[in-house]
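J.: Have a look at the structure that comes next, please.
In the UniProt record's numbering, the protein residues as written are 1 to 92.
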């Protein structure tokens with residue numbers, strides 16, 4: 001499953017552009033089901049979905065549990081670097 005979303009900095013906060021709950025629902029998962037995949041409680045999923053800041057590793061684990069392919073693309077000085085943040089995070 002591939003998700004594409006635009007990341008736009010709004011006052012330094014990219015998370016306002018990423019609706020994790022909507023992504024979870026589009027994967028037909030409840031918070032409880034996703035929590036089981038990640039080995040955490042439902043309350044932790046609720047907290048993650050409401051956060052306005054998080055570690056990339058948290059985002060990567062969340063998206064990998066949705067079977068999403070997610071990449072960070074950085075363009076610096078005419079060079080593009082792509083990092084697949086979900087490739088090594090697939091749940092077992």
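Using N, Cα and C, we set each Cβ at its ideal position, and we do this for glycine too.
#1: Taking the continuous alpha helix (DSSP H) assigned at residue 56, which residues delimit it?
#2: Within 10 Å of its beta-carbon, does residue 50 have 16 or more other beta-carbons around it, so buried, or fewer, so exposed?
#3: How many whole angstroms separate the CB atoms of residue 66 and residue 85, which I take to be in contact at a CB cut-off of 8 Å?
#4: For the alpha helix (DSSP H) that contains residue 45, what are its first and last residues?
#5: Among the residues of its own chain, which have a CB less than 6 Å from the CB of residue 6, if the five just before and after it don't count?
T.: On the basis of the data shown:
#1: Run containing residue 56: 56-65, per the alpha helix (DSSP H) assignment.
#2: Under this definition residue 50 is an exposed residue.
#3: About 13 Å separates the CB atoms of residue 66 and residue 85; that is not less than 8 Å, and the two are not in contact.
#4: Per DSSP, residue 45 is one residue of the alpha helix (DSSP H) stretching across 42-50.
#5: Note on residue 6: pLDDT 44, under 50, position unreliable in the model; the coordinate value appears next. For residue 6, where only same-chain residues beyond five positions count, there are no Cβ hits under 6 Å.
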